[in-house]
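This note's numbering puts the first residue of the sequence shown at 18, with every later residue one more than the last.
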Amino acid sequence: MKNLAILLATLLLATPSLAADDEVHWTATVSMVTAKENESAWVGLKNLESPNPSSATWTCSNNIVWLSSKDKPSPKAMLSTALTLYSTQKSVRIGVTGSGQNCEARYISARD
C-alpha cells in the first residue's frame, strides 16, 4: 500500500498538466454574466491586461469566456465568484484556454 501511494504521488507530481499548456492568465473586469438554460454560464470581460505569458494576445470573440465549458453546467463556485466580481467591479484573475467562441475559464479569482 505504501508503494502504491509513492507511485501515485510520483505520477501526480511528475506528469505535466496538459490543460495548462495553452492556458493564459489575464487580469480583467467582469462586464456581464450570462447563465443559460443548460446551466452553463459565460462572462464578458473588459480592461484585459497583464497576460501571462506576457507574449500572449487576446483571441476570444466579443471578450466572452465560458465558465468551464459551454456544453456543461458551470461550477457553482465559479459562477458565484463571477457574479460577486460583477457586482463589486473588482479586478479578476482568470485562466483562459481556447480561442474565438470556444474560450473557457479554468479558474477565476478576485483581486484587490
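Just so you know, even glycine gets a beta-carbon here, dropped at the ideal spot from N, CA and C. Quantities reported herein were computed from a predicted structural model and do not represent experimental measurements.
- Its chain contains 61, 63 as the residues whose beta carbon lies nearer than 6 angstroms to that of residue 48, once the 5 sequence neighbours on both sides are disregarded; these appear in chain order.
- Setting aside the 5 residues that flank it on each side, residue 41 is surrounded in the same chain by 68, 73, 113, each with a C-beta closer than 6 angstroms to its C-beta; the list follows chain order.
- From the listed residues 121, 129, 44, the smallest Cα separation to residue 91 is found for 121.
- Residue 83 is positioned such that its CB atom lies no closer than 9 angstroms to that of residue 65.
- Residue 56 holds the alpha-carbon nearest to the alpha-carbon of residue 89 among 56, 117, 104.
- In this chain, residue 78 is not harboured by any beta strand (DSSP E), its DSSP state being neither H nor E.
- Short of 8 angstroms from the beta carbon of residue 117, and not among the five residues preceding or following it, lie these beta carbons of its own chain, in chain order: 76, 77, 78.
- Residue 104 counts as exposed, since fewer than 16 other C-beta atoms from the protein chains shown sit within 10 angstroms of its C-beta.
- By DSSP's assignment, residue 49 forms a beta bridge with 61.
- The DSSP-derived three-state label of residue 97 is helix.
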